[in-house]
Structures are given as C-alpha cells and as structure tokens.
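J.: In this note's numbering, the protein residues as written are 71 to 270. If you scroll down you'll find the structure; I have some questions about it.
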C-alpha cells in the first residue's frame, strides 16, 4: 500500500490504481463550476511519481480512468504513456465510455475484469455473481472511514479495506469524493493520513 492511494504487487511488479477520474475538474469548469487550477497537474505528477518509484512491469487501472467527454486530459495521458510504455490494462468502469480507437491510441488494453492469482480484479463488485469464490478486489465506491474523537469531532480519510472475500481500493483522483464504508470486525482497515498508511 502506498499513501498516494495505490497498491503495488511486488512479486509481479504490478501497479494497481483505481478511479483516477482524469478530466473531471476540466469537465466541471466547462459547465461553470469554479474548480481551482492545478488539480489535473497534481494527479499526473502523482501518477508519474509512483511509476518512478516502483518501476512497474505492468499498470492496471481499476476503472474510471477518465471522467467525462474528451478533453485535454487525454493528451496529457498520451504523454504519460510515451514516458511509461509498459503494458497498461484498463478494467472498464462506468465512466469509461470512449470509443475503442481512443483507447487504442493510448495503448490501453480494455477488459471487463482481470484474474490475478486467487483474486478477481473488477471495477464494481456489485456486477459480480454472488457465488464468486475468488477474492474480489474493486474500486468504484471511493472507500473511506470516519474517525471520531472524544470531543465529537470527526475526520474522513480515504482507506484500503481488506475483507475476507472482498477488498476495496481508494480512489486515486484528488477530485473524486469519498464514501464512508461500514466495516466488519474481521476487516483489515488502513487509513491514508497525509503521507502515511495507518492501520486502524
């Protein structure tokens, strides 16, 4: 686990990232919502920093790579692919609706799910058969936890949540929002607090 909301499988050198929602800030600005400049730059710089750190042999995007209609983020991602030519796979999410030609130009292999070891990597676990025996790893819900103090103050933090049959990966994008999850006593929960991953 990395505090920039990514998983790295060390043995096979696979970088797993979910819910980047690239272009979301530009989409909102286009429709009159005053989103601060620099959000997109930060997402791309974080993404490149992870690749520089781990030097992955493969990158898997666990759905919702882009957010909306085509905008400058596609060109930015094309530049990222030129600097990082290793195989990239996109597990299709509900926001991944570009035509195949666009994904081909970005050298992205688009697939509905990935079988990896004893796991099934998907975007939205709600679409998976309830009888699935493999451990499911998904994004989509932008998981978070809420911490409360004795003075009734609270704080929401993005989190990795590892359950017995299902694990959730936090949303990578800086402009994505979070959903506080109900966790079980058997879940292993790791919150992201600034530049640290903290076991709860």
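The beta carbon of each residue, even a glycine, is placed where N, CA and C say it ideally should be.
Start and end of the alpha helix (DSSP H) containing residue 152?
T.: Numbered from 1 along the chain shown, position 82 holds the residue referred to as residue 152. Where residue 152 is concerned, the enclosing alpha helix (DSSP H) stretches over 142-153.
J.: Apart from the five residues just before and just after residue 84, which ones in its own chain have a Cβ nearer than 8 Å to its Cβ?
T.: Here the question's residue 84 lines up with position 14 in the chain shown. Closer than 8 Å at the Cβ level, and outside the excluded window around residue 84, lie 78, 126, 127, 128, 129, 130 and 186.
J.: Name, in chain order, the residues that DSSP records as bridge partners for residue 221.
T.: Residue 221 sits at position 151 when you count from the first residue of the chain shown. Its beta-bridge partners do not exist; DSSP assigns none.
J.: What does a CB cutoff of less than 7 Å around residue 226 pick up in its chain, not counting 5 residues either side in sequence?
T.: The sequence position of residue 226 within the chain shown is 156, counting from 1. Excluding residues within five positions, the ones whose Cβ falls inside 7 Å are 214, 216, 248 and 250.
J.: By a C-beta neighbour count over all protein chains shown, 10 Å radius and 16 as the cutoff for buried, is residue 142 buried or exposed?
T.: Start at 1 with the first residue of the chain shown, and residue 142 comes out as number 72. Residue 142 should be labelled exposed.
J.: Within its chain, find whatever has a CB closer than 8 Å to the CB of residue 175; leave out the 5 residues flanking it on each side and keep chain order.
T.: Sequence index remark: in the chain shown, residue 175 carries index 105 (1-based). Excluding sequence neighbours, residue 175 sits near 148.
J.: Pull up the distance between the alpha-carbon of residue 255 and that of residue 232, whole angstroms please.
T.: For the purposes of this step, residue 255 is taken as the residue at position 185 of the chain shown. For the purposes of this step, residue 232 is taken as the residue at position 162 of the chain shown. Rounded to whole angstroms, residue 255 to residue 232 spans 11 Å at the Cα level.
J.: Given a cut-off of 8 Å, decide if residue 242 and residue 90 are closer than it, judged by their beta-carbon atoms.
T.: Position 20 of the chain shown holds residue 90. Position 172 of the chain shown holds residue 242. For residue 90 and residue 242, yes; Cβs fall inside 8 Å.
J.: For the candidate residues 120, 116 and 162, whose alpha-carbon lies nearest to that of residue 132?
T.: Stepping through the chain shown from its first residue, residue 132 is reached at position 62. Of the candidates 120, 116 and 162, the one whose C-alpha sits nearest the C-alpha of residue 132 is 162.
J.: If you count every other CB in all the chains shown that lies within 10 Å of the CB of residue 113, and 16 or more means buried, which is it?
T.: Along the chain shown, one-based indexing puts residue 113 at 43. So residue 113 counts as buried.
J.: With C-beta atoms as the reference, is residue 207 less than 8 Å away from residue 235?
T.: If you number the chain shown from 1, residue 207 lands on position 137. If you number the chain shown from 1, residue 235 lands on position 165. Taking 8 Å as the Cβ cut-off, residue 207 and residue 235 do not qualify as a contacting pair.
J.: Going by DSSP in three states, residue 131 sits in which element: helix, strand or coil?
T.: If you number the chain shown from 1, residue 131 lands on position 61. If DSSP states are grouped into helix, strand and coil, residue 131 belongs with the strands.
J.: Going by the beta-carbon positions, is the gap between residue 179 and residue 159 smaller than 8 Å?
T.: Numbered from its first residue, the chain shown carries residue 179 at position 109. Numbered from its first residue, the chain shown carries residue 159 at position 89. Taking 8 Å as the Cβ cut-off, residue 179 and residue 159 qualify as a contacting pair.
J.: Return the residue from the list 170, 93 and 80 that minimises the CA-CA distance to residue 134.
T.: Here residue 134 refers to the residue found at position 64 of the chain shown. The shortest Cα separation from residue 134 among 170, 93 and 80 belongs to 93.
J.: Going by DSSP, what residue range makes up the alpha helix (DSSP H) through residue 173?
T.: Counting from 1 along the chain shown, the entry for residue 173 is found at position 103. Segment 170-175, the alpha helix (DSSP H) holding residue 173.
J.: Report the rounded CA-to-CA distance for residue 191 versus residue 201, giving the unit in angstroms.
T.: Numbered from its first residue, the chain shown carries residue 191 at position 121. Numbered from its first residue, the chain shown carries residue 201 at position 131. Roughly 16 Å between the two C-alpha positions.
J.: If I measure Cβ to Cβ from residue 262 and keep anything under 7 Å in the same chain, skipping five residues before and after, which residues do I get?
T.: By 1-based counting over the chain shown, the position of residue 262 is 192. Taken in chain order, the residues that qualify are 73, 75, 227, 228, 229 and 240.
J.: When you compare only the Cα positions, how much space is there between residue 197 and residue 210?
T.: The count along the chain shown starts at 1 and reaches residue 197 at position 127. The count along the chain shown starts at 1 and reaches residue 210 at position 140. Computed Cα separation, rounded: 11 Å.
J.: Assign residue 123 to one of three DSSP states: helix, strand, or coil.
T.: Here residue 123 refers to the residue found at position 53 when the chain shown is read from its first residue. The answer is helix: DSSP assigns residue 123 an H, G or I state.
J.: So, are the CB atoms of residue 188 and residue 165 less than 8 Å apart?
T.: To locate residue 188, count along the chain shown from 1; it is residue 118. To locate residue 165, count along the chain shown from 1; it is residue 95. No, the pair does not count as a contact, with Cβ atoms beyond the cut-off.
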